[in-house]
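Peer 1:
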Amino acid sequence: MRKSNYISFFIVITLLISAFSIKTESSTSDKFKLETVEKSFLAGTKVTLTFFTENGKKPLLFIHNSYGSTVISPKKVEAKLDFIIPPVFSKKTGILNWTLIYEGKSQLKSSIEILPNNTTKTLIESYLGPRSIQAGKRDYSMFVIIPTDEFDNPLLENTSLKINQQFLDNITSTEEKTKNLIAWNTIMAKEKAGSILVSSSCNSTNSNELTTIIYPSNPTNFIISFNRNHDFADGNQITELTTSKIVDEFGNTISDGTMVVFNIVNTENTILKTRATTINGFAKAKILHPDSKDIWSVKGFVNGLAESNTITINYEPITTNFNVHFSENNRKITVGPIESFMNQLIPDGALVKLKIFNNNNLVETKTGTSYKGFITFEIAAEFYRENSYSFIVEVLGNSKEIETKNYATKTE
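876 is the number of the first residue of the sequence shown in this note's numbering; add one for each residue after it.
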């Protein structure tokens, strides 16, 4: 009898413990429950996550995405908790992760997706570059388009848009689809120089017009010629060097401002240079005539890109008449009047050389420029102390030798 009582008591205790354990487990697992079914929402719309709770518990909701994170409190309506996602999070597309926290512990966690809102006005960001390319089929610009909703979210993958392109009298349109948030199109250069205009449209929204300029390609070889008033080596007149019209391989006139260098080699193998920039494809450079008989070999270059033919320019000597007058003490030498090829006075600035010799040894060469057909040289006693000197005067390639002058008894 006593044994039967013990068994009955043990069974009752076991049942009570089991019942208590089941009740405790059930209350823990059912503390919170997500009632919101939607897993995706449109950007800019009201996003609310609703949870069921019991016993008046008020947890917090921790949310975070690629833009930031925050903790929000619920609005309690009877046994339900409404968490309203702030607009700063609900306006941006992407994955929004959430974690329900109660008494410092994570109770539930999941995520929702915010999608671009195609019901809003489409905005278009477009970029074009480089803005200048070279004629031919080697160079190109890239046109990049980013269609977005009004919250600046790129539209969904494979969104269709139209790209318009205008060059001269030709207008074309192509359709592209977005990939990795953007759409793009390669704007190839044409063989003819000019401007290409591009634009795009998506969902009845049109972009701004953008421009890329096709500049001429590299210049090709060209021809040069010369022009002058006369062929005398007077050191005064100007010879003009002119190029033919310089074009690229497609016949485009090269860009204004292209530098053309003219290399000139004279009979002494001295290299002279003059240069000019192109205007409407032509370059015109000027250079003074030499002051003595000379032959020039001239060639033009666009450095590293193109070159011209070689031309020869001959300059004839001038038979110049001039007198040389010495002062009483021979310390002042006046050359002039110096006459040119029509017996006119030579232009101001003509180079005159006076070579001074002592016992057939060159002591010094003095140089000066003429003024009104004359020039004067000083033979200072402080520097020229020998008893005698001889001279040679050179003017425009003509020379005159002066007999030896005695300075032994001459004083200044």
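A virtual CB, placed ideally from N, CA and C, is assigned to each residue, including glycine.
Can you tell me the Cα-Cα spacing of Tyr1282 and Lys1247, whole angstroms?
Peer 2: Roughly 30 angstroms between the two C-alpha positions.
Peer 1: On the three-state DSSP scale, how would you describe Phe1232?
Peer 2: Three-state result, Phe1232: strand.
Peer 1: Over the uninterrupted alpha helix (DSSP H) stretch that includes Phe964, give me the two end residues.
Peer 2: Taken as a continuous stretch (DSSP letters only), the alpha helix (DSSP H) holding Phe964 covers 962-965.
Peer 1: Does the Cβ of Leu971 have 16 or more other Cβ atoms within 10 Å, making it buried, or fewer, making it exposed?
Peer 2: The residue in question, Leu971, is buried, as its Cβ has 16 or more Cβ neighbours within 10 Å.
Peer 1: Report all residues from its chain with a CB closer than 6 angstroms to the CB of Ser1074; omit the five preceding and five following residues, and keep chain order.
Peer 2: Asn1039, Ser1082, Glu1084.
Peer 1: May I ask which residues mark the beginning and end of the beta strand (DSSP E) holding Ser1076?
Peer 2: Ser1076 -> beta strand (DSSP E) spans 1069-1077.
Peer 1: Distance, Cα to Cα, Thr1244 vs Ser1263?
Peer 2: Going by the C-alpha atoms only, they are around 26 angstroms apart.
Peer 1: Cutting at 8 angstroms between CB atoms, please list the residues of its own chain near His1164, excluding the five before and the five after it.
Peer 2: So the qualifying residues of the chain are Arg1103, Phe1107, Ala1108, Asp1109, Gly1110, Asn1111, Gln1112, Ile1113, Thr1114, Tyr1190.
Peer 1: Going by DSSP, what residue range makes up the beta strand (DSSP E) through Thr1117?
Peer 2: 1113-1118 is the span of the beta strand (DSSP E), which, as asked, contains Thr1117.
Peer 1: Rounded to a whole number of angstroms, what is the C-alpha to C-alpha distance between Phe1252 and Glu1124?
Peer 2: Cα to Cα, Phe1252 sits roughly 58 angstroms from Glu1124.
Peer 1: Pull up the distance between the alpha-carbon of Ile959 and that of Lys921, whole angstroms please.
Peer 2: Spanning the two alpha carbons is a distance of roughly 8 angstroms.
Peer 1: Got a sec: does the ligand SAM put a non-hydrogen atom nearer than 7 angstroms to the Cβ of Met1063?
Peer 2: By its list of ligands, the structure shown contains no ligand whatsoever, and the ligand SAM lies outside what it can speak to.
Peer 1: Buried or exposed: Asp869, going by 16 or more other Cβ atoms within 10 Å of its Cβ?
Peer 2: Missing from the structure shown is residue 869; the chain here goes from 876 to 1287 and no further.
Peer 1: Shortest alpha-carbon distance to Lys933 belongs to which of Ser1016, Glu1051, Leu956?
Peer 2: Here the closest residue by C-alpha is Leu956.
Peer 1: Are the Cβ atoms of Tyr1025 and Lys996 separated by less than 8 angstroms?
Peer 2: Just to set this straight, residue 1025 is Glu in the shown sequence, not Tyr. Against a cut-off of 8 angstroms, the Cβ pair of Lys996 and Glu1025 comes out as a contact.
Peer 1: Nearest to Asn1234 by CA position, among Val1268, Lys1241, Glu1278, is which residue?
Peer 2: Considering only alpha carbons, the answer is Glu1278.
Peer 1: Which residue comes first and which comes last in the beta strand (DSSP E) that contains Met1260?
Peer 2: It should be noted that the sequence gives Arg, not Met, for residue 1260. Per DSSP, Arg1260 belongs to no beta strand (DSSP E) and is neither H nor E.
Peer 1: Measuring alpha carbon to alpha carbon, tell me which of Phe1176, Glu1214, Val1268 ends up nearest Thr1118.
Peer 2: Taking only the C-alpha atoms, the option nearest Thr1118 is Phe1176.
Peer 1: Beta-carbon within less than 8 angstroms of Lys1280's beta-carbon, same chain only, minus the 5 sequence neighbours each way: which residues are those?
Peer 2: These residues qualify, in order along the chain: Phe1201, Asn1205, Ser1263, Tyr1264, Ser1265, Phe1266.
Peer 1: Tell me whether Ser985 sits in a helix, a strand or coil according to DSSP, three-state version.
Peer 2: Reduced to three states, the DSSP call for Ser985 is strand.
Peer 1: Around the Cβ of Glu1269, are there at least 16 other Cβ atoms within 10 angstroms (buried) or fewer (exposed)?
Peer 2: Glu1269 comes out buried.
Peer 1: Is the separation between the beta-carbon of Ile1289 and that of Ile987 shorter than 8 angstroms?
Peer 2: Past the boundaries of the shown model lies residue 1289; the chain is included only from 876 to 1287, so the question cannot be answered.
Peer 1: In terms of alpha-carbon separation, which member of Ile1154, Gly1126, Ser1172, Leu1072 lies closest to Ser1100?
Peer 2: Answer by Cα proximity: Ser1172.
Peer 1: Tell me the DSSP secondary structure of Asp957 in three-state form.
Peer 2: Strand at Asp957.
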